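Chemist: Residue numbers (the working numbering), protein chains in the order written: chain A, 107 to 340; chain B, 66 to 533; chain C, 4 to 335; chain D, 216 to 544.
My structure is below; once you've seen it, I'll send some questions.
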Amino acid sequence: MLKVEDLHLRISNTDILRGVSIEVEKSEVVAIIGRNGAGKSSTFKSIVGIYKPSRGRIQVDDLDIIKLPPYQRVAKGIGYVPEDMRVFPWITAKENIYLAAYLSKNLDKIDDIMNMILTIFPEIKNFLDREGFYLSGGEKKMVAIARSLATLPKYLLLDEAFEGLAPIVVERFKDAIEMIKNQGIGVIIAESNVVIATKIAEKLYVLERGETIFHGSPSDLLNNQEVMKILRGS
Amino acid sequence: MSKKTGRRDFLKGLVSGLVVGGIAGVAGTEIYRGLAPPPPPVREEIPTTPIKAGIQAYLTGGGALWGKPMMQGAILAIEEINERGGILGRKIEYVVKSETSPEETVREYRTLVLDEKIDFYVGLISSSNTPAVGPVAEELQTLTFFVDGCTDFLFESVVPDPRFCFRITNIQSADGVAAAIGAIKLLNLTEKDKVRIAHIHPDYAYGRNAHAHMQITFEKVLGKDRVEVVYEAFPGLFKITDFSPYITEIIANRPDILASSLWGADVVNFYKQAIGYGLFEKMKYVSCIAHAASPAEAVKDFPDGHIAGVHANYFFLYPEWDKYPINKSFVNNYYRRWGTYPDSPSEGAYVAVYLYKNAVEKAYTMIGRFPEVDDIIRALEGMTIYGPAGPIHVRAEKPNKHQCYKDGIVGISKYDPRFGFSVLDKPIVIPISKITVPEGWEGTPDPKAGTLAYSWIRETWREGVVPV
Amino acid sequence: MVERLKRFFGDDIKTNFIFLTIIAILYPIIYVFSPGWGVVLGHGVTWISALLGFNLLFGYTGLLSFGHALFLGVGAYTVGFMYKYLGINNIELHLLGGILSSTVVALIIGPIVVRYTRIFFAIFMLAIAQILWSLYYKFYWVTGGTDGIKIPRFSILGISLEKLDFATYHHVYFYFVTGLTFILVYIMWRIINSPFGLTLKSIRDNETRARFIGVDIYRARLYAFIISAIYASITGVLAVNHHRLVTPDIAYWTTSGKVVFATLLGGARIFIGPIVGSFVFHIIESFAMKFIYWQMVMGILIIAIVILMPGGIAHLARTLVDVVVSHRRRGG
Amino acid sequence: MHIAGLGKHGEKAWYQYKLIRVYNPRETIDMLEIMDLLVRIYNIFFGASVLFLIAVGLNIIYGVMKIVNLAHPAFFVLGCYTIAGTGMGVMINIFGSSIIPLLITPPLLAAFVVAVSSLLIFPLFLFISGKGDEVQLLITYGLLLIFEDIFRLIWGSEPLRASQPFELAGSLSIGEYLIPVYNIYVIISALVIALILWIFLFKSKSGLLLRASSMDIEMAAALGANVKKVLLLTVLIASFLAGLGGGLFIPSASAMLGMSVEFLVLAFVVVVIGGLGSFLGSLVGAFIVSVLRTITLILFPELELALIYIVAIIILTLKPEGLGGGKKW
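Here it is in C-alpha cells:
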C-alpha cells in the first residue's frame, strides 16, 4: 500500500500543500482530482522526492520513504510520469526505456520488460528508434509510461495522463491503464477532468488549495454537490 | 647662465671621457665612491628614525623573471647600506608591492605613498606603467626611481619636466638603436645587398618604441632601399603561450633577420617553440632584450650565434671582473645573497638605492642637515656614480631630464657550460653619447613613431654610415 | 513602527540619502587619518552609478548582464578620445559625451541583445564587451593599447583644478561625484517607482503573465537597457577622471564581474543594495590587495559572501531588524 | 660572410637557404608556398587540439550541470603546473630520457592529479548546481582567483617549463621545413581522446546517462539516477580531460600565472561558437577559433581578438544554440 499522510509543503513562503492524505492499494486505480494549482502535481513531486515536504509521512508497504532521495524511492517501487512527459528529447525512445531499466538495475530483465511494454503498447515498436523530440504527444505519453514501467514500479503516478489527447486516444490509454493495473501495479492519476476520472478510477480524492476535501467512490463524488461545485469552479 | 654652461661643459667631458673610457679606466676598491667629498662633522641633529623605501615589482606572471631580480637588487643594496650603518646613521626599511596592470599599479603606488608614507621609491619594469605612475609621482611629490619602464614617451611627452621621477635604465631608443647597430656590426649586414627584416614585439609602448628605433636605425645605417620589412607582429604582452602561428608566419616570409623585443616569459616561450620550427637556422634573431634578465631561466639553452641584447644595460660578465672590481664584488655579493647571478633589473634597482644614498650624503655636505626631497633632487641632477655596469649619469636638462645614461652593450649569444646558460659573447660597447638625443637638442617628436629619438636619428644621422 | 523601520532599511529614498550624507561627512575625517582609505571611498562613490544601472537591469528587470564593462569602457574611452583628439577636459562635457555615446551604443546593440534572457543575455553582453575591449587593446596608435590614454585633471565649468594640491583636489572630486550621485540616485528612484518600473518588475517576476496583460516586453527591456547603459557610462567617465588614465582594463570582463559582485554584495533587488555594495566592495578589495596572495583572499571572500549572504548586506540588515524587532516584541 | 657560432648544421641550413633563394627562385618558391600553407594548417590543428581539450570539459560541465564554469581553465592550468612544477622532474628521475614514457606518463599524471583535486571542490559544485546564473558565475570566478594563487603558493611566480619531451621528440624536417614532432603528438592524442570520449558518450551506459541528465536531470533522478553520482562523474570527467590537456600542452609552452584567464577567454568563445553543452560543438568551435586566429594573424592582426568575438556574436544571433547542434551533444 502507498500511504500519504498529512503532507505539508512550503515553497518560497507559500503553502502549497496543507495536509494531503492518500491511500493506494496494489492493483487499484486511484484518481486525484482538483483544479489547476490545487496541489496535484506538488503531491506527486513530493512522493517522487523532487519536493521536500515540511511535514507528513509517505509510506510504501509500511516503509517510510520520506527521508530517501528520489533515486532510492524508485528502487522502493515509485514510478512517475510527469505532466509534460519529459521524454529525453535527444535520445531514441528505445534508449529512454533502456536508460530507465539501467537506472533501476533491471537491465538483466530488459527482454521481459520490453515484452510487457509491447503487450501494453504494441504501437511503440513503430517508433522505437525515433528521438524523443520527434514524437507526437500521444507517442511521447506512451514512451513516458513505458519508460516508467521499465523501472518495474509497484505504484505508478500519472500526472495529467489524458490532458491534450483526442477522445479516441483517451480510450486507448484507459485500456492501457487497465492492463497495467492487472499487472498488480497501483495506478494514481492526477486529473482535472472529473468525467474521465470517474470513468477510470475506483477511488477518488479531491484536492483544493492543498487540502484533501473529499475521498470516496466515483458515485459518492457525483452525488456530493458541494465538492462538485468547487470542482466546476463556481 | 654661466653656471649652466659650466655644468654642461663638465658633462660633455664626462660623457665623452669617463663614459667611453670608464669601463677600462676606472678602478676602485670600495663600491660607490660618489664624486662628493666625505661629509663634514655633524652640524645639525639627524633623525634616528628609519628611512622607508617602497619597492614595486612584478611578483607574478610573465614579468616575474624581471620583477624578482629587481626586488632582490634593491634589497641587497638596502641590506649592504644597513650593514654599514645606514645613510647618515639612518637605517632603511622597505615595503614591497606588486606591479600589475597600469591601473592597479597606480593604485598600489598611491598606497605606498599615502598609507606607507615612504621616503623614496624604487620599482617598475613595464613601459605601460611608468607613464601611468609618473604623473602621480609628480602630484604626490615623492622621490621615485623607476628601475625600468624605459619608454621614450615618459620624459618626452608624459612628464617632460619632471621633478620627482628619475629613471635608471637606459632609455628605449638607446636600447633599440644599440641592438640594431650591434646586429649590423656583428652580422656584417653592411655587406649584404638587401636585408629582409621581420619584426615581433610586445604590443605596448616598449615594443612599439623598440620597433620604431630598430627599424629607423637599420634604414639609416644600411640605406632605406636596402631594407625591406617583410612581416610585423605585435602579440599582447604575456598574453600568448603558443607562438607557433607567429613563428610560422615569420618563417613563411623568409626574413634574413628577425628583430624582436619580446621579454620575460614571452621570449622563453617564443625561442623554445621557434627551435622546434627551425627558425633560428633560417634567420638571425636580433633581440635587444632577451639576455637582460634572469638569464639562467630566460635563455637557458638559447641558440648560439644570435644577437643578444641586454636592454643596452648590463650583463654580469661585463665590465670584466678583473678590470673593474666594482662589478666583481657586486656579482659576488649578489650571488652569495640570492644564489643567482645579477642581471639588468637587479643592477638597476641596486644602483637606484645607491643613487639615493649618494645624493642624500652629497646634499648633507652642502646644507648640513638631513636633506629634504628638494635638496636630494638638486643633488641628484647631474650626478654621476660608478655602478656595477660602469659610470651612470643623471641628466639634469631637457630633453629626457632625469633620465640616467650609461654605455650600451650588445653581444652574440653563446652557451657557457660554466654557468649552464647562454651568455653574452664578443660584446661590443656602444658609447651612449653616439646613440641618444643630446642634451639641449631642440626637435619635435616624430609624428608617426612618437619619439624625439626617432626624429633625431632621421634628421641628424648620415645615411649609410655606421655612427659608432 | 516595525513596518516603518523595515521600510527604512529597504525601500525608502531617505535611507539612501542619509547613508550617502553620512559617508560624505565621514570622508574628510577618514582622509585625515588615511588618505589611502579616502581614495577607496572615492572609488566607492564613483561606482554607485554603474551598480544602480546594473541593478535596474538585473534586480528589477531580471537580465543578468555579464558585460557591463562595455558601458564603463564606452564612458571611459569617450573621455580619453575627447581629451586626446579634442583637448577637452571639462567634466560636464565628458559626462555629456559619455551619456551620448553610451546611448548610441545601447541603441545599436540593445535591439539585438534584449531579445535574449538568462545565460544567453549574459554571454551576449560579455561577447560584445570583449569586442570593444579587444579594439581598445589592439588599436595601439588610436587608443594607446595597454598603455592607455593619460588625461589631466578635469575642470569644472571652466575652472581648472590643475593647481590644487593632492588632498584638495581629491576632496573636490569626491564632493562633486557625491553631489552627482545624489541626483542619479533620485532619478533612479523615480524610475523604479514609476509605472515603467512596475512594468519591469512584473516582467521579471512572470514574463508570460506580463505578456498576457499586454506589456510590451521588448520595449520595456530596451528602455531599461538604455538607462542602465547611461548610468554605467557615467561611472566610466568619473572613474577615469579619478585615475586620470584610460586603459582597456575598464572594459575587460573582470570589470563586469566586479559590477555583478558588488551589486550582489550590497543586495540586488533592494534599492540601497548597490549603494552600500559599492563602498563595501571597494573596502574589501583594498583589504584583499594588502595581502601578497590577494587573489586568494578575494576569491575566498567572494565565495564566502555569496554562500553565506545570498541576499546581500541590505537583505541581511533587513532580516536583522526583523529578528530584533520580533524578539523585543516577544520579550516585551 | 661570416656567421658567428652557428654550429655546423645551422650554418649549412643558412647557406642552403640563401642558395635556393638566389639560384632557383621560381620553382622553389611555389613549392615553398605550398609548404607554408601546410604548416599553417598543421598549426591550426595544433591550436584546435589544445582549445578542444579545454572547451570539451567546459561543455560537459555546462551540459549536465548548467554551470558556466569560469574555473575550468584553471583545471587545465593545474595540469600544466603539475607537470611543469613537479611531475616532469619526477618522470625524468624515473625514466631518464627515454622518450616514449615521457610522452605518455605526464598527461596521465596531470589528469589524475587534477581529477583528484576536483574532488576537493566538488561540494562547491554541488552547492551551486541549480542556483542562479549570477551565483554560479561569481563562485566559479572566485575559484579561478583562488586557483591562481594556489599555483603561486605551491610553484612560485616564475614561468615554469617542462620542455624535455618537446625537445627530445625533436623536429621533423620536410624539405627545408622543420616542424616539431611533439605538436604532432598533441594533435594525434587530441584526436584519440576525442574518439574515446565519443565512444564513451554515445556507446556506453554511463554516457547515455550523462546525455540524458544533460537534457533533464530531474527526470533522470525520478527514474532512479543518483544525481550526486552523476554530477561527480561529470566533474571528474571534465577535470580529467582538462588535466590531460594541460599535461599534453605544457611541454610545448610554459606554465605562467594569469594563463587561466587567457585560456578562459578563448575556451569561452569556442563554447559559444560550438554551442553550450555540445560535444561536437567543442570540436567545431575549437577548429573555427583556431582558423580565425591564424587568418587574422596573416591578414589583419589588429582584429585578432575582435574577430573571434564578432563571429561568436554572429553565430549567437543566427543560431543561439551554436553550430554543434545544441542540446544534441
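Built from N, CA and C at the ideal position, the CB exists for glycine as well.
Computed from a predicted structure; not experimentally measured.
Mapping DSSP to helix, strand and coil, what is B/V224?
Modeler: coil
Chemist: Looking at C-beta atoms only, is the number of pairs between the segment 240 to 251 of chain A and the segment 183 to 196 of chain A that lie closer than 8 angstroms three or more?
Modeler: These segments touch.
Chemist: Hey, does A/L205 have any beta-carbon neighbour from chain D nearer than 8 angstroms?
Modeler: yes
Chemist: When you compare only the Cα positions, how much space is there between A/R320 and A/A137?
Modeler: The sequence given here has Phe at residue 320 of chain A, not Arg. Looking at the backbone, the Cα of A/F320 and that of A/A137 are separated by about 12 angstroms.
Chemist: Report the three-state DSSP secondary structure of A/A267 (helix, strand or coil).
Modeler: coil
Chemist: Could you check if B/P482 is buried or exposed, using at least 16 other CB atoms within 10 Å of its CB as the buried criterion?
Modeler: exposed
Chemist: Closest Cβ-Cβ distance between D/A527 and chain C: below 8 angstroms?
Modeler: yes
Chemist: In chain order, what residues of the same chain lie with their CB nearer than 8 angstroms to the CB of C/A223, ignoring the 5 residues before and after it?
Modeler: T64, F199, T202, L203 and I206
Chemist: By DSSP, does D/L335 sit in helix, in strand, or in coil?
Modeler: helix
Chemist: I want to verify the contact list: residues of chain B whose CB lies under 7 angstroms from the CB of C/H246, in sequence order.
Modeler: E168 and V171
Chemist: Which same chain residues, not among the five before or five after C/L160, have their C-beta less than 8 angstroms away from its C-beta?
Modeler: Excluding positions up to five away in sequence, the list reads N93 and E95.
Chemist: Output yes or no for whether 8 angstroms exceeds the beta carbon distance between D/G304 and D/P321.
Modeler: no
Chemist: Mind checking whether C/F282 and C/G47 have CB atoms under 8 angstroms apart?
Modeler: yes
Chemist: Would you mind reading off the limits of the beta strand (DSSP E) that contains D/H287?
Modeler: Not the beta strand (DSSP E): D/H287 falls in the alpha helix (DSSP H), residues H287 to Y296.
Chemist: Cβ atoms of A/R124 and A/E317: under 8 angstroms apart, would you say?
Modeler: yes
Chemist: In chain C, which residues lie less than 7 angstroms from B/A270 when you measure between Cβ atoms?
Modeler: Close to B/A270, with beta-carbon spacing below 7 angstroms, are these residues of chain C in chain order: D150.
Chemist: Between the segment 280 to 311 of chain B and chain D, which residues of the former have CB atoms less than 9 angstroms from a CB of the latter, in chain order?
Modeler: E297, A298, F299, P300, G301, F303, K304, I305, T306, D307, F308, S309, P310 and Y311
Chemist: Do the segment 410 to 423 of chain B and the segment 140 to 151 of chain B touch if we need at least three Cβ pairs shorter than 8 angstroms?
Modeler: yes
Chemist: Looking at B/Y379 and B/S409, is the spacing between their C-beta atoms short of 8 angstroms?
Modeler: yes
Chemist: Under 7 angstroms Cβ-Cβ, which residues of chain A neighbour D/K420?
Modeler: Within chain A, Y208 have C-beta atoms less than 7 angstroms from the C-beta of D/K420, given in sequence order.
Chemist: What is the DSSP secondary structure of A/D121, reduced to helix, strand or coil?
Modeler: Note: A/D121 maps to strand in three-state DSSP.
Chemist: Please name the residue in C/Y221, C/R321 and C/A307 whose C-alpha comes closest to that of D/L353.
Modeler: Out of C/Y221, C/R321 and C/A307, C/A307 has the C-alpha closest to the C-alpha of D/L353.
Chemist: Following the continuous alpha helix (DSSP H) through D/T449, name the residue where it begins and the one where it ends.
Modeler: V442 to F464
Chemist: If the cut is a Cβ gap below 7 angstroms, which residues of chain D does A/P176 touch?
Modeler: A436 and A437
Chemist: Cβ of C/F169 less than 8 angstroms from any chain B Cβ?
Modeler: yes
Chemist: Does the Cβ-Cβ distance between D/N441 and B/P310 come in under 8 angstroms?
Modeler: no
Chemist: For B/A461, name the three-state secondary structure that DSSP assigns.
Modeler: coil
Chemist: List the residues of chain D whose Cβ lies closer than 7 angstroms to the Cβ of B/V212, in chain order.
Modeler: The contacting residues do not exist; B/V212 stays about 18 angstroms from chain D at best.
Chemist: What residue from A/A181, A/M220 and A/G238 has the CA that sits closest to A/K260's CA?
Modeler: A/A181
Chemist: For D/K281, which of helix, strand or coil comes out of DSSP?
Modeler: coil
Chemist: Would you check if the segment 282 to 295 of chain D and the segment 351 to 365 of chain D touch, i.e. whether three or more CB-CB distances between them fall below 8 angstroms?
Modeler: Taking 8 angstroms as the limit for Cβ pairs, the verdict is that the segment 282 to 295 of chain D does touch the segment 351 to 365 of chain D.
Chemist: At 7 angstroms on the CB atoms, spell out the chain C contacts of B/S47, in chain order.
Modeler: Here chain B covers residues 66 to 533 and nothing more, so residue 47 of chain B does not appear.
Chemist: Go through its chain and collect everything with a Cβ distance to D/V506's Cβ below 6 angstroms, but skip five positions before and after it.
Modeler: I259
Chemist: Identify the contact partners of D/N441 in chain A, using a Cβ-Cβ distance below 8 angstroms as the criterion.
Modeler: From the beta-carbon of D/N441, the residues of chain A found nearer than 8 angstroms are P175 and Y177.
Chemist: Check each candidate in C/W136, C/S197, C/T49 and C/I230 and name the one with the smallest Cα separation from C/F185.
Modeler: C/T49
Chemist: Do we get a CB-CB distance below 8 angstroms when we pair B/R232 with the residues of chain C?
Modeler: no
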